[in-house]
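I have placed the structure first, in the form of structure tokens, so that the comments after it can refer back to it.
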Amino acid sequence: MKIDGDKRFEKRECPSCACEVDANNNNCPICGYAFPQPTPTQSRMKLWGALVMLVLFLIMIFGLSL
18 MKIDGDKRFE KRECPSCACE VDANNNNCPI CGYAFPQPTP TQSRMKLWGA LVMLVLFLIM
78 IFGLSL
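Numbering follows my numbering, with no gaps: position 28 of the sequence shown is 45.
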């Protein structure tokens, strides 16, 4: 069973050799490509984006029901 935020079953594609790599691996097992690590700023921006989307969604729902 996959849980949200659980990266055990997620895959990403290596930009160097197009091999599917587990999301929790930092290097491609085939060509050795080193995946860049997300910076705290990127994580913070994703969080803010999700919060803005949630607020807009709630405004739409409650605004339309009035």
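All C-beta atoms in this analysis are idealised placements derived from N, C-alpha and C, irrespective of residue type, glycine included. Just so it is clear, the structure is predicted and the values come from calculations on it, not from any experiment.
**OP:** Specify the secondary structure class of Ala67 as computed by DSSP and reduced to three states.
**Re:** In this structure, Ala67 counts as helix in the three-state DSSP scheme.
**OP:** Would you mind working out which of Val69, Cys31 and Gly80 sits nearest Pro53, comparing C-alpha positions?
**Re:** Ranking Val69, Cys31 and Gly80 by Cα distance to Pro53 puts Cys31 first.
**OP:** Classify Val38 as buried or exposed, calling it buried when 16 or more other Cβ atoms lie within 10 Å of its own Cβ.
**Re:** buried
Original post:
By Cβ distance below 8 Å, which residues in the same chain neighbour Phe74 in space, the five residues on each side in sequence not counted?
Top reply: none
Subject >> Identity of the residue in Tyr50, Ser33 and Lys28 nearest Ala40 by Cα >> reply: Checked all of Tyr50, Ser33 and Lys28; the closest Cα to Ala40 is Lys28.
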